Amino acid sequence: MKRAADIAALLECHIADVLAINETWLSPDILDHEVIPKDYVVLQKDRSGGRRPAGGVLLAIILHLQPCRQTQLETKAEAVWAEVTVSNLRFLIASVYRAPNSTPQQNDELLLSLSLAAEQQHNYDACFVMGDFNLDVDWSTKTPLPRATPAEQFLDAFDNFAFTQLIKNATRTTATSEKTFDLFLCDTPNLVSTSEVIAGVSDHDALLIGLKVDSRRPPPMSMTLPDWRRAHWPALNDLLEVKLQGVMQEDGLEEAWTAWKTALFECVAECVPSRRTRSKRKLLPWLNKNLKKLIKIKDDLFAQWLSEKTNEARIIFEAARKATQGAVRLAKDRWFWNLGRGPQGAAVFCKFIHLKSKVPINTTTFSADGRFFSEPAAVARQFLATFKQNFSPPGTDFPFLWLAPIQDEKLSKFHVTASKVSALLHVLDAKNATGPDGIPAVLLKNCADTICPSFAHIFKLWLQLASCRQTGSVQRVTSLIGKLLEKHVRNQLAAFFESKNSLPDCQHGFRERRSCTTMLLKTLDNWTAALDSSRQQQFFSTGQKHSTGFHISGCCPSAAPRRRRRGPQVVEKLPRWPQPVRSVLGPLLFNIYVSDLPAALKTNLVQYADDCTVFKVVSCQDDVDELQDDLALVDIWCTNNGMQLNAKKCVAMNISGARQPWTPQYTIGGVVLDYVCTQRLLGVHISRDLRYNHHVDVQRKKAARSLGFAARNLRGCTQRVKRMAYLTLVKP
Numbered sequence: 004m005k006r007a008a009d010i011a012a013l014l015e016c017h018i019a020d021v022l023a024i025n026e027t028w029l030s031p032d033i034l035d036h037e038v039i040p041k042d043y044v045v046l047q048k049d050r051s052g053g054r055r056p057a058g059g060v061l062l063a064i065i066l067h068l069q070p071c072r073q074t075q076l077e078t079k080a081e082a083v084w085a086e087v088t089v090s091n092l093r094f095l096i097a098s099v100y101r102a103p104n105s106t107p108q109q110n111d112e113l114l115l116s117l118s119l120a121a122e123q124q125h126n127y128d129a130c131f132v133m134g135d136f137n138l139d140v141d142w143s144t145k146t147p148l149p150r151a152t153p154a155e156q157f158l159d160a161f162d163n164f165a166f167t168q169l170i171k172n173a174t175r176t177t178a179t180s181e182k183t184f185d186l187f188l189c190d191t192p193n194l195v196s197t198s199e200v201i202a203g204v205s206d207h208d209a210l211l212i213g214l215k216v217d218s219r220r221p222p223p224m225s226m227t228l229p230d231w232r233r234a235h236w237p238a239l240n241d242l243l244e245v246k247l248q249g250v251m252q253e254d255g256l257e258e259a260w261t262a263w264k265t266a267l268f269e270c271v272a273e274c275v276p277s278r279r280t281r282s283k284r285k286l287l288p289w290l291n292k293n294l295k296k297l298i299k300i301k302d303d304l305f306a307q308w309l310s311e312k313t314n315e316a317r318i319i320f321e322a323a324r325k326a327t328q329g330a331v332r333l334a335k336d337r338w339f340w341n342l343g344r345g346p347q348g349a350a351v352f353c354k355f356i357h358l359k360s361k362v363p364i365n366t367t368t369f370s371a372d373g374r375f376f377s378e379p380a381a382v383a384r385q386f387l388a389t390f391k392q393n394f395s396p397p398g399t400d401f402p403f404l405w406l407a408p409i410q411d412e413k414l415s416k417f418h419v420t421a422s423k424v425s426a427l428l429h430v431l432d433a434k435n436a437t438g439p440d441g442i443p444a445v446l447l448k449n450c451a452d453t454i455c456p457s458f459a460h461i462f463k464l465w466l467q468l469a470s471c472r473q474t475g476s477v478q479r480v481t482s483l484i485g486k487l488l489e490k491h492v493r494n495q496l497a498a499f500f501e502s503k504n505s506l507p508d509c510q511h512g513f514r515e516r517r518s519c520t521t522m523l524l525k526t527l528d529n530w531t532a533a534l535d536s537s538r539q540q541q542f543f544s545t546g547q548k549h550s551t552g553f554h555i556s557g558c559c560p561s562a563a564p565r566r567r568r569r570g571p572q573v574v575e576k577l578p579r580w581p582q583p584v585r586s587v588l589g590p591l592l593f594n595i596y597v598s599d600l601p602a603a604l605k606t607n608l609v610q611y612a613d614d615c616t617v618f619k620v621v622s623c624q625d626d627v628d629e630l631q632d633d634l635a636l637v638d639i640w641c642t643n644n645g646m647q648l649n650a651k652k653c654v655a656m657n658i659s660g661a662r663q664p665w666t667p668q669y670t671i672g673g674v675v676l677d678y679v680c681t682q683r684l685l686g687v688h689i690s691r692d693l694r695y696n697h698h699v700d701v702q703r704k705k706a707a708r709s710l711g712f713a714a715r716n717l718r719g720c721t722q723r724v725k726r727m728a729y730l731t732l733v734k735p
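According to my numbering, the sequence shown holds residues 4 to 735 in order.
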């Protein structure tokens with residue numbers, strides 16, 4: 004961790020698409036981006052065993068190369084393999100470390116990993132292996148000369164790859180010796196443009212390799228955006244009030260929506276100044292131009308020492324390296340000391356924590372099957388393919404599809420008023436992301452009273468035209484305007500269902516005055532009361548054959564396809580369009596979809612959205628059979644409603660005070676349920692004795708990890724910042 008500043012400074016001065024690090028000395032508790040900048044995808048393999056972290060290898064790859072880890076090539080050896088795509092070329096790269104005191108078994112594991120990679124070499128355009136092999140080999144000759152037995156074995160393995168070793172200079176120099184331990188091996192040397200040794204951040208020097216391929220880094224883009232901080236809101240509201248009058252006269256939805264957007268953007272262009280933004284590579288906040296010059300001088304002195312090989316040049320370089328390292332670390336400590344100060348101090352502190360913990364502020368990437376995608380089109384395709392896996396194919400036939408009985412009373416009309424639209428606009432978060440229509444939340448919030456009459460008119464037209472989305476293009480992301488309409492519809496639907504008691508009382512998800520807390524309190528209260536009663540019953544009824552307890556089976560249905568329902572009916576004719584991802588209506592519609600599940604069961608059931616828990620007091624075999632029948636009914640209900648129950652995610656737990664509880668066998672769809680001693684239910688770890696020792700241990704370990712993260716990354720900060728970190732990261 005103390006070399007994190009040195010690594011960051013090295014990457015700022017020598018921009019790299021792929022970074023390989025040996026002897027990382029990292030433990031699993033250390034997050035990837037505490038050491039490596041957030042621009043990289045980190046693939047690391049830590050050494051297991053030992054009293055303290057040691058060894059370990061790491062590959063850090065820039066995101067747009069679409070790295071994919073090749074775990075099938077990895078053995079117990081300290082080697083990590085990955086596939087990258089550069090200019091339509093597929094490369095296989097590896098970061099390898101071999102300890103100088105490696106045993107024959109460890110050497111065999113590394114040789115096995117190399118042989119597995121050699122079998123797949125023909126699938127790639129090039130293969131590159133870099134790392135510290137600690138081999139006693141003379142690389143200065145045309146044919147490498149081994150000086151020990153392990154070196155001969157590894158040279159034979161390199162020959163199987165047809166590898167060429169491009170590093171000829173020493174990579175570790177002491178007062179008495181010069182050794183070439185760090186190697187760069189490739190099977191296509193004609194792709195390599197430069198290979199040099201530069202000053203590193205440890206006792207080993209670093210290798211800098213350049214390839215004759217274009218990595219196609221995303222070019223910086225400049226945009227002209229409205230500067231909302233300098234907007235003249237009174238003038239904008241006055242102008243909008245005049246220009247939006249014409250929208251009220253439009254009777255067609257498309258015409259009204261087009262006129263509304265045109266008037267809005269014209270008023271914004273007239274009353275809001277613009278600003279030009281350009282995405283560029285930013286320096287580290289503590290790395291200024293003077294430090295970069297100092298690093299450049301150090302690199303020049305290192306190159307001079309390599310060319311002269313004199314003791315005087317070596318002393319000068321070591322003094323420059325020590326001075327540069329001290330200046331870089333001092334600059335970082337000073338920046339940490341000022342972290343959290345000033346009017347924007349809290350925002351800077353939170354941003355720093357996000358960067359280190361890899362909690363993305365703007366999600367622009369997607370990972371699937373071990374690959375990372377950054378291009379918008381690729382992200383959309385992969386996300387759509389992943390999302391489709393949760394749904395049944397269009398041609399799937401459900402012959403036993405059950406239709407609920409008709410509900411006489413129905414909600415056939417939605418009421419839209421300007422006051423209700425204004426209330427929705429005023430509660431918007433001004434920092435919400437802009438949707439595909441380009442209308443930001445800050446504009447809607449500050450002009451709510453002015454635009455609410457025209458909004459109400461458009462919403463009425465929208466609701467009158469049930470098939471409006473069939474004629475237009477379907478957006479992948481719902482706009483803020485669409486979410487406002489969905490929220491308005493959701494509020495009226497929820498009020499209607501609550502007034503008619505259409506939703507079961509056991510459903511606690513996404514309902515007013517219901518939450519995870521209400522479900523947990525009600526469920527735990529029932530379990531505790533019955534458990535206390537059962538203990539008294541055991542105490543007084545000594546002749547009872549079986550102990551009394553609860554058997555809990557958690558079932559989690561997968562996402563369901565659309566189905567027709569006859570009740571509860573909402574409107575006479577609903578528009579036939581698929582619900583977008585992250586729709587405001589989605590949770591309520593799902594509650595309606597599963598509202599008939601409790602009626603199909605005889606035992607107790609509690610629900611939070613798609614998370615279901617079935618429980619019953621079991622004192623005899625008849626109770627076991629009744630609970631098993633209900634589990635079968637759950638499976639039948641899922642089949643009849645076009646869903647597939649994932650029995651592998653279902654578990655059973657016996658809540659009892661007995662030392663040897665009765666554990667009869669339960670099955671769902673022919674799969675035997677496993678018994679567990681603890682189960683996480685809505686964030687709380689429930690134990691079979693209803694004690695919270697396990698939950699407290701889990702939270703304590705989580706707090707200890709957060710405290711360790713804060714201690715490692717905020718060591719040089721003020722006491723105020725450390726207290727802020729404790730209150731925000733550890734104490735909750």
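Each residue gets a CB set at the ideal place from its N, CA and C atoms; glycine is no exception.
Computed from a predicted structure; not experimentally measured.
| Check | Outcome |
| --- | --- |
| Round the Cβ separation of leucine 138 and alanine 154 to the nearest angstrom and send it over; I've been treating them as touching at under 8 Å. | 5 Å |
| With a threshold of 8 Å, are at least 3 pairs of Cβ atoms found where one atom belongs to the segment 93–100 and the other to the segment 31–41? | no |
| With contact counted as at least three CB pairs below 8 Å, one residue from each stretch, are the segment 251–259 and the segment 288–298 in contact? | no |
| Compare the C-alpha of glutamine 682 against each of Leu693, Val674, Gly672 and Val675 and name the closest. | Leu693 |
| Any chance the segment 133–152 sits against the segment 193–201, with 3 or more Cβ pairs inside 8 Å? | no |
| I think lysine 728 touches alanine 713, with their Cβ atoms under 8 Å apart; what is that distance to the nearest whole Å? | Note on residue identity: the sequence assigns alanine, not lysine, to residue 728. Alanine 728 to alanine 713, Cβ: 4 Å. Contact. |
| Please classify serine 659: does DSSP put it in a helix, a strand, or coil? | coil |
| Note down, in chain order, each residue of its chain lying with its Cβ closer than 8 Å to the Cβ of cysteine 189, except the 5 sequence neighbours on either side. | Ala129, Cys130, Phe131, Val132, Phe166, Thr167, Leu169 and Val195 |
| Between the segment 667–680 and the segment 645–653, do three or more beta carbon pairs fall short of 8 Å? | yes |
| Quick check on the burial criterion: 16 or more other C-beta atoms within 10 angstroms. Buried or exposed for tryptophan 340? | exposed |
| Which first and last residues belong to the alpha helix (DSSP H) in which leucine 333 is found? | 314–340 |
| Run through the DSSP bridge pairs and tell me what asparagine 607 is partnered with. | Phe618 |
| In terms of alpha-carbon separation, which member of Pro70, Leu588 and Cys680 lies closest to glutamate 86? | Pro70 |
| Could you have a look at glutamine 495 and say whether DSSP puts it in helix, strand or coil? | helix |
| Output the distance between the C-alpha atoms of arginine 579 and leucine 592, rounded to the nearest integer angstrom. | Reliability fails at arginine 579, whose pLDDT of 39 lies under 50, so the model's placement of it is uncertain and the value that follows must be treated cautiously. One C-alpha to the other measures close to 14 Å. |
| Just confirm the distance between the C-beta atoms of valine 587 and arginine 493, as a whole number of angstroms; I'd bet it's less than 8 Å. | 5 Å |
| So phenylalanine 352 and valine 83 are supposed to be a Cβ contact under 8 Å. How far apart are they, rounded? | In fact, because the Cβ distance is near 33 Å, the residues do not count as touching under 8 Å. |
| Hey, out of Pro107, Phe94, Glu273 and Phe136, whose CA is closest to histidine 125's CA? | Phe94 |
| If you draw a straight line from the C-alpha of valine 45 to the C-alpha of aspartate 208, how long is it? | 22 Å |
| According to DSSP, is cysteine 455 helix, strand or coil? | helix |
| Write down the C-beta distance between serine 482 and isoleucine 454 rounded to the nearest angstrom, noting that I regard them as a contact closer than 8 Å. | Contact flag wrong, Cβ pair sits at about 15 Å. |
| Please report the straight-line C-alpha distance between serine 116 and alanine 173, rounded to a whole angstrom. | 26 Å |
| So what's methionine 646 in DSSP terms, helix, strand or just coil? | coil |
| Excluding sequence positions up to five away, which residues of its chain have a Cβ less than 7 Å from the Cβ of cysteine 450? | Leu239, Asn240 and Leu243 |
| Going residue by residue through the segment 101–178, where are the continuous beta strand (DSSP E) segments of at least 3 residues, counting only ones entirely within it? | 129–135 |
| Using the three-state DSSP reduction, which class does phenylalanine 376 fall into: helix, strand or coil? | strand |
| For isoleucine 24, which residues in the same chain have their Cβ closer than 6 Å to its Cβ, ignoring the five residues on either side in sequence? | Leu61 |
| Run through the DSSP bridge pairs and tell me what alanine 209 is partnered with. | Ile201 |
| What does a CB cutoff of less than 6 Å around phenylalanine 305 pick up in its chain, not counting 5 residues either side in sequence? | Ala202 and Phe320 |
| Does DSSP classify aspartate 677 as helix, strand or coil? | strand |
| If the criterion is Cβ atoms closer than 8 Å, does the pair cysteine 680 and arginine 691 meet it? | yes |
| Could you say which of Gln610, Asp141, Glu81 and Leu68 lies nearest to leucine 110 if we only look at CA atoms? | The sequence given here has asparagine at residue 110, not leucine. Among Gln610, Asp141, Glu81 and Leu68, the Cα nearest to that of asparagine 110 belongs to Glu81. |
| Can you say whether proline 664 is buried or exposed, counting buried as having 16 or more other CB atoms within 10 angstroms of its CB? | buried |
| Pairs of beta-carbons, one from the segment 591–609 and one from the segment 507–517, closer than 8 Å: are there three or more? | yes |
| Alanine 444 and aspartate 452 look like a contact to me (Cβ under 8 Å); what is the Cβ gap, rounded to whole Å? | Their Cβ separation, rounded to whole angstroms, is 16 Å, which puts alanine 444 and aspartate 452 out of contact at 8 Å. |
| Quick one: Cα of serine 536 to Cα of aspartate 625, how far? | 20 Å |
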